[in-house]
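Q:
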Amino acid sequence: MCDYEFRRLYQKSIRAEARHTETLSKDDENILWDTKVLNITTPAGLLNFVIFYNSKNLCLRGGDEYRQLKFS
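Residue numbers (the UniProt record's numbering): 1 to 72.
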């Protein structure tokens with residue numbers, strides 16, 4: 001999804017430097033589920049899940065990028 005968006009913007013001459021970060025492995029994600037950090041049955045766990053899921057799918061890397069999100 002991110003690669004597609006970068007390519008689309010690049011074709012429109014909209015460019016930015018790509019910042020590479022280490023991705024979270026499936027094992028790391030499983031640890032978050034096993035330790036109940038991500039848990040859809042509690043309010044705190046659900047909030048953690050929503051933030052994690054959005055960050056993962058929107059390619060967000062930190063709090064600053066999350067705070068810059070805006071509705072359009």
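In this text, a Cβ means the ideal position worked out from N, Cα and C, and glycines have one as well.
Would you call L38 buried or exposed, if buried means 16 or more other Cβ atoms sit within 10 Å of its Cβ?
A: When all chains shown are included, L38 counts as buried.
Q: Can you round the beta-carbon distance between I40 and F49 to whole angstroms, since I take them to be within the 8 Å contact cut?
A: About 6 Å; that satisfies the 8 Å criterion.
Q: What separation, rounded to the nearest whole angstrom, lies between the Cα atoms of N30 and E5?
A: Their Cα atoms are separated by approximately 28 Å.
Q: Flag this pair as yes or no: are the beta carbons of G45 and K36 separated by less than 8 Å?
A: Yes, they are a contact pair.
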